[in-house]
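Colleague: Quick one: this structure, given as structure tokens, is what I'll be asking you about.
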Amino acid sequence: MALIKYQFKNYIRTYKLIAPFVTFFTLLIIIYFYSGQPIMSSFASTSMVLLFVTGWITVTIIDAESLQEKQLLFTQLKSKSTYLTNKLIFSILLILPLGIVAIIYPIITFRFEHIPNVIEIVIGIYSHIITIIVGVLITTLLKTIPKLSYKFVWLIMMLIFLFSILRVVIIEAFSISSYVLWIFPPISDFMMMLNEDIMLILNKDFLIINIWMVVYLVILTTVLYINFNKSEYI
Numbered sequence: 196m197a198l199i200k201y202q203f204k205n206y207i208r209t210y211k212l213i214a215p216f217v218t219f220f221t222l223l224i225i226i227y228f229y230s231g232q233p234i235m236s237s238f239a240s241t242s243m244v245l246l247f248v249t250g251w252i253t254v255t256i257i258d259a260e261s262l263q264e265k266q267l268l269f270t271q272l273k274s275k276s277t278y279l280t281n282k283l284i285f286s287i288l289l290i291l292p293l294g295i296v297a298i299i300y301p302i303i304t305f306r307f308e309h310i311p312n313v314i315e316i317v318i319g320i321y322s323h324i325i326t327i328i329v330g331v332l333i334t335t336l337l338k339t340i341p342k343l344s345y346k347f348v349w350l351i352m353m354l355i356f357l358f359s360i361l362r363v364v365i366i367e368a369f370s371i372s373s374y375v376l377w378i379f380p381p382i383s384d385f386m387m388m389l390n391e392d393i394m395l396i397l398n399k400d401f402l403i404i405n406i407w408m409v410v411y412l413v414i415l416t417t418v419l420y421i422n423f424n425k426s427e428y429i
């Protein structure tokens, strides 16, 4: 907890939070410019926007500390894994308010076609949280790859996010691509489900996609910790 407080104070002083937050709020206002919006597909749209903003914020969080500061923290904590865990928790907690705002804003401004019920709100919150976790893990993993330049981190991150969102569409157009695109998180499959009626979402397919997502996150987290502990710096 002390490390998270330190990271918060250290990060706030960089003012790097302003640009991604302003960008997200601006896009949120644009998405909900008109009233009468469909609930679940709107949540899917804001979740996809949040994925890119999450990557942006995570990069700035990781770069907020110098190499010397990181080495000092490794020594104090006596564990690189503890440092990484705190960094991931801090990143998720810092970005989480954006997901909450994405749910609350259209409700209090009456932008939806009707007042969302409890199930719709819960699924909306869940979709934004999953998006944040995926974005934080993928971006952090890219930052742990040795000798990967800053520009390449951004390029690869954007490509991964794009392919994750367009995965289903690409597979439908080129079925052979499924043999390659399985390595990307099932964000597209999840978001496609949100375009269905709420009664059609809660079915066996939705459960399978969520199990797939959980398994993917477990594997991604494992790879991240292994790679981070082997790397000299992040």
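Per my numbering, the sequence shown starts with residue 196, numbered consecutively.
Glycine included, every Cβ here is placed at the ideal spot set by N, Cα and C.
Note that the coordinates shown come from a computational prediction; the quantities given were computed from them, not determined experimentally.
1. Taking DSSP's pairing of strands, which residues face Q232 in a bridge?
2. Under the three-state reduction of DSSP, which class applies to E391: helix, strand or coil?
3. Quick one: grab the DSSP three-state call for T209.
4. In angstroms, rounded to a whole number, what distance separates the CA positions of F216 and L293?
5. For the alpha helix (DSSP H) that contains E264, what are its first and last residues?
6. Alpha carbon to alpha carbon, how far is S274 from H309?
7. Would you mind stating whether V329 and T249 have Cβ atoms separated by less than 9 Å?
8. In angstroms with no decimal places, state the Cα-to-Cα distance between I391 and M235.
9. Under the three-state reduction of DSSP, which class applies to F431: helix, strand or coil?
10. Looking at the structure shown, is I426 part of a helix, part of a strand, or coil, going by DSSP?
11. From what residue to what residue does the alpha helix (DSSP H) around A368 run?
12. Given this structure, state the Cα-to-Cα distance separating T304 from T221, to the nearest angstrom.
13. In angstroms with no decimal places, state the Cα-to-Cα distance between D258 and I225.
14. Exposed or buried, P380, counting other C-beta atoms within 10 Å across all chains shown (16 or more means buried)?
15. Check each candidate in P301, V244, S372 and E264 and name the one with the smallest Cα separation from Y227.
16. Residues in its own chain within less than 6 Å of V244 by CB, not counting five upstream and five downstream?
Modeller: On the basis of the data shown:
1. Beta-bridge pairing by DSSP links Q232 to F307.
2. DSSP, read as helix, strand or coil, puts E391 in coil.
3. Annotated three-state conformation of T209 is coil, per DSSP.
4. Distance between the alpha carbons of F216 and L293 is about 8 Å.
5. Start and end: L262 to L272.
6. Straight-line Cα distance between these residues: approximately 50 Å.
7. With a cutoff of 9 Å on beta-carbon distance, V329 and T249 are scored as near each other.
8. According to the sequence provided, residue 391 is Glu. The question's Ile does not apply to it. For E391 and M235, the distance between alpha carbons rounds to 8 Å.
9. Here the chain covers residues 196 to 429 and nothing more, so residue 431 does not appear.
10. In the sequence as presented, Ile is not what sits at residue 426; that position holds Ser. For S426, the secondary structure class from DSSP, reduced to helix, strand or coil, is coil.
11. Counting along the chain, the alpha helix (DSSP H) containing A368 begins and ends at Y345 to A368.
12. Approximately 15 Å between the Cα atoms of the pair.
13. Near 30 Å, if we compare the C-alpha coordinates of I225 and D258.
14. With 16 or more other CB atoms across the displayed protein chains lying within 10 angstroms of its CB, P380 is buried.
15. Closest option to Y227, Cα to Cα, is P301.
16. Residues of the same chain with a CB within less than 6 Å of the CB of V244, apart from the 5 flanking positions on each side, are L222 in chain order.
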